[in-house]
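Structure record follows, encoded as structure tokens.
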Amino acid sequence: MDITDLPAHALSSAILKRQVSCREVMRATLARIESVNPVHNAIVSLRDGDVLLREADERD
Numbered sequence: 250m251d252i253t254d255l256p257a258h259a260l261s262s263a264i265l266k267r268q269v270s271c272r273e274v275m276r277a278t279l280a281r282i283e284s285v286n287p288v289h290n291a292i293v294s295l296r297d298g299d300v301l302l303r304e305a306d307e308r309d
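In terms of the numbering used here, the sequence shown opens at residue 250 and continues consecutively.
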């Protein structure tokens, strides 16, 4: 199962238990946006991925 398919409560629990890192979640989320958004065009504005990954690292 892809971590982007997890419900928010399960994802939060996995992060708290250190089963997955914030960086892994952010990387998976950015990859999902990149693969799905061209079809759905749902993301209007996206912050720089490197900045988002650095912020995720700060939270790990």
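Idealized CB from N, CA, C, for every residue including glycine.
Contact set for I264: own chain, Cβ-Cβ below 8 angstroms, skip 5 residues either direction: Your numbering for residue 264 matches position 15 in the sequence shown. Only S270, C271, V274 meet the Cβ criterion.
Figure out for me which residue from L301, V288, K266, A277 has the closest Cα to the Cα of D254. Translated into the one-based positions of the sequence shown, residue 254 becomes position 5. Closest by alpha carbon: A277.
Taking the continuous alpha helix (DSSP H) assigned at R308, which residues delimit it? The residue you call residue 308 lines up with position 59 of the sequence shown. Start and end: 298-308.
Between the alpha carbons of V300 and P256, how many angstroms are there, rounded? Against the sequence shown, residue 300 aligns to sequence position 51. Against the sequence shown, residue 256 aligns to sequence position 7. Those two C-alpha atoms are separated by around 25 angstroms.
Backbone secondary structure at P256 - three-state DSSP: Residue mapping note: residue 256 aligns to position 7 of the sequence shown, counting from 1. In the structure shown, P256 sits in coil (DSSP, three-state: anything other than H, G, I, E or B).
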